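Shown next, in structure tokens, is the structure this report addresses.
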Amino acid sequence: MTDLLLGVDLGTSSVKAVVTDLQGTTIAAAAEAYSVQQPRPGYAEQDPAAWWDALCRTVRGVTSQCDAAAIRAVGLSGQMHGTVLLDAELNVLGPAVIWQDQRSAAQVAEIEARVGRERLLAIAGSPVATGFMAATVRWLQVHEPDVWARVAHLLLPKDYLRLRMTGTLAGDPSDGSGALLLDVHTRAWSSELLAALDLAPELLPPLHPSDAIGGALTSAAATALGLHPGIPVAVGAADTACSALGAGAVEPGVLLLTLSTGGQLIQPVAMPVIDAQGRIHTFCSALTPAQGPGWYQMGATLTAGSALRWLRDNVLGFTGDDAYARMTALADGVAPGADGLLFLPYLAGERTPHMDPRARGLFLGLTLRHGQAELVRAVMEGVTLGCADAFAVLAELGAQPEHVILAGGGARSDLWQQMVADVFGLPVRPLQMADQSAAGAALLAGAGVGLFDLTTTARTWARYGAPVLPAAERHAFYRSALARFRAAYLHNRDLMDASTP
Numbered sequence: 034m035t036d037l038l039l040g041v042d043l044g045t046s047s048v049k050a051v052v053t054d055l056q057g058t059t060i061a062a063a064a065e066a067y068s069v070q071q072p073r074p075g076y077a078e079q080d081p082a083a084w085w086d087a088l089c090r091t092v093r094g095v096t097s098q099c100d101a102a103a104i105r106a107v108g109l110s111g112q113m114h115g116t117v118l119l120d121a122e123l124n125v126l127g128p129a130v131i132w133q134d135q136r137s138a139a140q141v142a143e144i145e146a147r148v149g150r151e152r153l154l155a156i157a158g159s160p161v162a163t164g165f166m167a168a169t170v171r172w173l174q175v176h177e178p179d180v181w182a183r184v185a186h187l188l189l190p191k192d193y194l195r196l197r198m199t200g201t202l203a204g205d206p207s208d209g210s211g212a213l214l215l216d217v218h219t220r221a222w223s224s225e226l227l228a229a230l231d232l233a234p235e236l237l238p239p240l241h242p243s244d245a246i247g248g249a250l251t252s253a254a255a256t257a258l259g260l261h262p263g264i265p266v267a268v269g270a271a272d273t274a275c276s277a278l279g280a281g282a283v284e285p286g287v288l289l290l291t292l293s294t295g296g297q298l299i300q301p302v303a304m305p306v307i308d309a310q311g312r313i314h315t316f317c318s319a320l321t322p323a324q325g326p327g328w329y330q331m332g333a334t335l336t337a338g339s340a341l342r343w344l345r346d347n348v349l350g351f352t353g354d355d356a357y358a359r360m361t362a363l364a365d366g367v368a369p370g371a372d373g374l375l376f377l378p379y380l381a382g383e384r385t386p387h388m389d390p391r392a393r394g395l396f397l398g399l400t401l402r403h404g405q406a407e408l409v410r411a412v413m414e415g416v417t418l419g420c421a422d423a424f425a426v427l428a429e430l431g432a433q434p435e436h437v438i439l440a441g442g443g444a445r446s447d448l449w450q451q452m453v454a455d456v457f458g459l460p461v462r463p464l465q466m467a468d469q470s471a472a473g474a475a476l477l478a479g480a481g482v483g484l485f486d487l488t489t490t491a492r493t494w495a496r497y498g499a500p501v502l503p504a505a506e507r508h509a510f511y512r513s514a515l516a517r518f519r520a521a522y523l524h525n526r527d528l529m530d531a532s533t534p
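Residues in the sequence shown are numbered from 34 upward in steps of one, following my numbering.
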């Protein structure tokens with residue numbers, strides 16, 4: 034009987050599960066969707082029970098496609114920053130407040146005032162933001178004191194799933210660093226930050242390495258999931274940390290660019306490197322420092338694939354499964370520069386490098402001769418230039434990648450692969466995996482039960498397409514385009530702010 038591993042990724046819109054063999058080949062995959070509830074403007078909540086129900090359906094979906102008795106271990110990946118509240122009997126106290134929630138803006142300012150922005154960055158490695166656990170719990174203390182009085186445990190989303198699976202409370206440094214309550218240097222909960230927020234240390238779970246075993250599947254959970262009781266469940270890691278692991282980005286000199294709804298740039302580092310301006314996040318990775326780079330820097334752009342979706346739905350009106358293929362075919366017929374048309378992709382504000390929630394999208398240079406093809410090309414170029422602008426912060430802090438691993442929907446587009454290579458001036462290795470976060474979770478499971486070495490195996494599991502090389506002439510052109518892109522934001526920033534209520 035071939036040994037199998039189960040990796041689970043608890044995302045914002047769905048839970049995904051993959052079953053792999055020990056060589057990383059996907060044997061089965063399934064997903065179940067759920068929704069984000071927005072009971073008031075700025076709120077973003079999910080029911081932890083909905084996560085569990087979706088997980089049960091998803092795991093039963095994959096085990097129907099393989100031999101469930103061969104599954105040796107389970108690993109978990111999960112959306113970051115969110116907050117699950119439990120009472121002393123481990124009952125859930127209301128909906129989970131997830132990373133998209135914006136209700137805690139006043140608490141963000143309060144935390145920065147209490148701790149000091151520079152001190153907060155020095156300890157936590159990242160700026161605090163709405164939706165992060167630190168801001169959410171402070172909001173609860175102020176606005177829902179009756180609920181807060183009953184809180185005995187705070188869990189991040191994936192850790193709630195493991196509690197349901199094993200009955201044990203645990204966390205890991207990668208997810209913990211996204212709570213903004215952890216000292217990224219020591220990889221432990223920060224007594225200074227906890228004291229500043231009036232949080233008792235026992236509210237938070239004990240931290241373990243991501244590939245440590247966090248418990249065994251209980252009989253009740255096994256019945257619900259369609260698995261055998263007693264299967265070891267690894268502690269797991271944050272989704273971005275698992276994404277880097279699954280993509281094989283486990284050593285310095287590698288840059289992972291994921292083009293999905295937004296853009297994420299991940300650079301593994303051997304020591305925490307913190308941006309004093311707070312333009313990027315420095316999080317703990319899924320590796321311990323003994324296993325490889327124990328940290329990663331992350332730049333985030335808020336609009337990537339969602340800009341193409343906006344163009345498809347609201348401007349072009351393209352429908353059907355081939356809509357994106359038609360759009361990229363149009364763009365491929367236009368020379369770099371989109372005939373002078375420039376797009377700023379700030380349709381939802383921007384994080385790296387501007388940290389500007391009031392930034393807005395902009396077409397610059399629009400003329401009567403521009404049509405659908407130029408619009409699509411400009412949007413794709415604008416998204417890519419925005420990612421290059423974010424990467425400049427990483428480069429300023431010392432990043433010198435030898436190539437770019439391209440993941441997400443953008444990795445499936447030949448045009449976008451070449452565009453990234455030309456804009457960044459680096460070879461691109463397109464990742465050929467459906468869900469690297471779930472694969473990263475499976476890697477943690479296998480390493481946790483001693484089936485292989487985590488770092489070595491992560492390098493061999495990742496599957497890439499043929500390298501895409503940059504063209505020197507196009508790279509020189511895009512360097513000039515990036516300067517124009519930056520100037521367009523700087524010259525229009527005040528107008529964007531004035532036009533925003």
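Heads up, the beta-carbon is just placed ideally off N, CA and C, and yes, glycines get one too.
In this text, all values refer to a predicted model and were calculated from it rather than measured experimentally.
{"Query": "Residues sharing a beta bridge with A63, DSSP", "Result": "A50"}
{"Query": "D42 vs S110 beta-carbon contact at 8 Å", "Result": "yes"}
{"Query": "Among I104, V117, R359, T199, nearest to A82 - alpha-carbon criterion", "Result": "V117"}
{"Query": "Short Cβ contact (8 Å threshold) for G115 with L189", "Result": "yes"}
{"Query": "Given 8 Å, three or more beta-carbon pairs between the segment 163 to 172 and the segment 225 to 232", "Result": "yes"}
{"Query": "Reduced DSSP secondary structure (H/G/I, E/B, other) of I131", "Result": "coil"}
{"Query": "The segment 448 to 456 / the segment 61 to 74 touching (three or more Cβ pairs under 8 Å)", "Result": "no"}
{"Query": "Which residues DSSP lists as bridging R462, in chain order", "Result": "I438"}
{"Query": "At least 3 beta-carbon pairs within less than 8 Å: the segment 382 to 399 vs the segment 454 to 468", "Result": "no"}
{"Query": "Endpoints, the alpha helix (DSSP H) within which G473 is located", "Result": "469 to 481"}
{"Query": "Test item: CB-CB of A267 and A319 under 8 Å", "Result": "no"}
{"Query": "Spatially closest choice to F485 from T352, Q324, S513, T219, by CA coordinates", "Result": "Q324"}
{"Query": "Exposure of D208, with buried meaning 16 or more beta-carbon neighbours within 10 Å", "Result": "buried"}
{"Query": "Secondary structure, beta strand (DSSP E): runs of 3+ residues fully inside the segment 258 to 315", "Result": "265 to 267, 287 to 292, 296 to 302"}
{"Query": "Own chain partners of L161 with C-beta closer than 7 Å, once the 5 adjacent residues on each side are dropped", "Result": "For the record, residue 161 in the displayed sequence is Val; it is not Leu. Excluding sequence neighbours, V161 sits near V141, I144, E145, L153, A167, A168, L213."}
{"Query": "Neighbour-count burial assignment, G353, 16 or more Cβ in a 10 Å radius", "Result": "exposed"}
{"Query": "Range of the contiguous beta strand (DSSP E) that encloses Q330", "Result": "328 to 334"}
{"Query": "Within 8 Å, strictly: CB atoms of E414 and F457", "Result": "no"}
{"Query": "Cβ-based burial, S210 [other Cβ within 10 Å; buried from 16]", "Result": "buried"}
{"Query": "Candidates H508, L459, D179, V69: closest to Q133 by CA position", "Result": "V69"}
{"Query": "Cut-off 6 Å between Cβ atoms - residues of its own chain near V367, not counting five sequence neighbours on either side", "Result": "A406, E407, R410"}
{"Query": "Nearest residue (CA-CA) to L399, options A254, D372, P178, A340", "Result": "D372"}
{"Query": "Under the three-state DSSP convention, the category D86 falls into", "Result": "helix"}
{"Query": "Nearest to P206 (by Cα), restricted to the options R150, L226, V125, C317", "Result": "C317"}
{"Query": "Nearest-angstrom beta carbon gap, P239 and G481 [assumed within contact, 8 Å]", "Result": "Not quite, the Cβ-Cβ distance comes to about 16 Å (not below 8 Å), so this is no contact."}
{"Query": "L38 beta carbon less than 8 Å from that of T338", "Result": "Note that residue 338 corresponds to Gly in the displayed sequence, not to Thr. In this structure, L38 does not lie closer than 8 Å to G338 by Cβ."}
{"Query": "Separation of H261 from C99, as counted between CA atoms", "Result": "14 Å"}
{"Query": "N- and C-terminal bounds of the beta strand (DSSP E) containing H186", "Result": "186 to 188"}
{"Query": "Buried or exposed by the 16-neighbour rule on C-beta atoms within 10 Å, applied to E122", "Result": "exposed"}
{"Query": "For D389, three-class secondary structure by DSSP", "Result": "strand"}
{"Query": "L528 classed as buried or exposed, judged by whether at least 16 other C-beta atoms fall within 10 angstroms", "Result": "exposed"}
{"Query": "First and last residue of the uninterrupted beta strand (DSSP E) at D179", "Result": "First-last for D179: 178 to 183, but that is the alpha helix (DSSP H), not the beta strand (DSSP E)."}
{"Query": "Exposure of L331, with buried meaning 16 or more beta-carbon neighbours within 10 Å", "Result": "For the sequence presented, residue 331 should be read as Met rather than Leu. Buried, because 16 or more other Cβ atoms sit within 10 Å of the Cβ of M331."}
{"Query": "DSSP-derived helix/strand/coil call for E122", "Result": "coil"}
{"Query": "V412 - DSSP class collapsed to helix/strand/coil", "Result": "helix"}
{"Query": "Nearest-angstrom Cβ-Cβ length linking D120 and R183, presumed shorter than 8 Å", "Result": "5 Å"}
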